[in-house]
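There are 2 protein chains.
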Amino acid sequence: MAKIGEFELLVLLAVLRQSDAPYANRVRAYLEANAGRTVTRGALYRTLDRLTSKGLIEWELEPSETPERGGHPMRRLIVTDEGRDAARESRDVLLTFFEGLGPVLDG
Amino acid sequence: MAKIGEFELLVLLAVLRQSDAPYANRVRAYLEANAGRTVTRGALYRTLDRLTSKGLIEWELEPSETPERGGHPMRRLIVTDEGRDAARESRDVLLTFFEGLGPVLDG
DNA sequence: AGGTCGAAGTATACAATGTATACTATGCGT
DNA sequence: ACGCATAGTATACATTGTATACTTCGACCT
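From first to last, the protein sequence lines stand for chains A and B. The opening position of the first sequence corresponds to residue 437 in the working numbering, with each subsequent residue numbered one higher. The opening position of the second sequence corresponds to residue 437 in the working numbering, with each subsequent residue numbered one higher.
What follows is the structure in structure tokens.
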């Protein structure tokens with residue numbers, strides 16, 4: 437099973453959540469809104485590329501004319517089955533580690 | 437708030453859990469048993485040192501004669517308040533990201 | 001008293017992941 | 001035709017992850 441880092445996991449989960457509009461900028465907006473940190477475009481694309489080379493996500497070039505203001509054609513992101521597996525495993529390990537620590541961590 | 441990596445978080449949580457006997461080898465045993473990977477001593481100590489320089493854990497040298505078979509005096513590991521805070525924040529972000537993805541990740 | 005064994009920790013090197021800055025390409029509005 | 005905004009690419013460097021090899025020193029043996 438592929439090892440993934442902290443940010444890679446967050447990105448993977450964020451992509452998984454954008455089922456209706458799985459584009460990089462949506463993912464980025466979600467990350468900035470929910471992870472409590474800024475995410476530059478460079479950081480995100482680098483990570484998307486790494487997830488791709490690990491086979492956890494794929495993309496297709498958006499065939500339609502979705503880009504309203506020009507630029508490169510947009511990538512439509514797709515989480516592979518391996519990606520789903522990796523996310524599930526990471527989650528399971530983390531939940532195991534969190535288990536029972538509520539009283540210690542919260543007041 | 438200190439940024440911590442994936443393994444740093446696991447180590448921090450593992451230390452937090454060894455309230456009765458917070459020693460490196462206990463932490464290591466817990467990690468190997470629950471994180472699904474091998475953890476060499478070098479990897480663990482390096483990470484403990486990094487957590488220390490971030491102020492998330494501290495240690496005292498075990499004053500007693502606990503080491504039954506010799507060697508360097510043992511470190512008794514202590515998670516600082518900052519460490520607890522960092523762990524809580526990481527957990528909160530992750531739980532937010534996991535939220536609602538159960539159906540997608542599990543069958 | 002000296003030698004070996006195992007436990008605990010240290011040092012060092014390198015690989016993988018995280019993150020920013022600067023650059024290219026292209027549609028739209030003027 | 002020109003510039004602005006959007007989407008993605010390239011490159012460089014910092015931080016984190018991981019292994020291997022080395023030092024220490026008590027207990028045990030002989």
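Ideal Cβ positions, reconstructed from N, Cα and C, are used throughout, including at glycine.
Of all the residues that make up the stretch 513–529 of chain A, which are near chain B by a beta-carbon distance shorter than 7 Å?
From the stretch 513–529 of chain A, only Arg-520, Ala-523, Arg-524, Arg-527, Val-529 have a Cβ closer than 7 Å to chain B.
For the stretch 528–535 of chain B against the stretch 443–454 of chain A, do three or more pairs of beta-carbon atoms, one drawn from each stretch, fall closer than 8 Å, so that the two count as touching?
yes
DSSP three-state label for Leu-492 (chain B), please.
coil
With 16 as the cutoff for other CB atoms within 10 Å, does Met-510 (chain B) come out buried or exposed?
Classification of Met-510 (chain B): buried, given that the 10 Å Cβ count is 16 or more.
Can you give me the start and stop residues for the alpha helix (DSSP H) that Arg-462 (chain B) sits inside?
Following the DSSP letters along the chain, one finds Arg-462 (chain B) inside the alpha helix (DSSP H) bounded by residues 460–470.
One or two residues paired with Leu-497 (chain B) in a DSSP bridge:
B:Arg-511
Closest to Gly-519 (chain B) by CA distance: which of B:Ala-471, B:Ile-493, B:Leu-541 is it?
B:Ile-493
Listed by chain order, chain A residues near Thr-384 (chain B) by CB distance under 8 Å:
The first residue shown for chain B is 437 and the last is 543, placing residue 384 (chain B) beyond what the model contains.
Using the beta-carbon count (16 or more within 10 Å), is Pro-539 (chain B) buried or exposed?
exposed
If you measure from the beta carbon of Glu-442 (chain A) to each beta carbon in chain B, is any gap under 8 Å?
Yes, its Cβ sits closer than 8 Å to a Cβ of chain B.
May I ask you to report which of helix, strand or coil DSSP gives Gly-543 (chain A)?
Note: Gly-543 (chain A) maps to coil in three-state DSSP.
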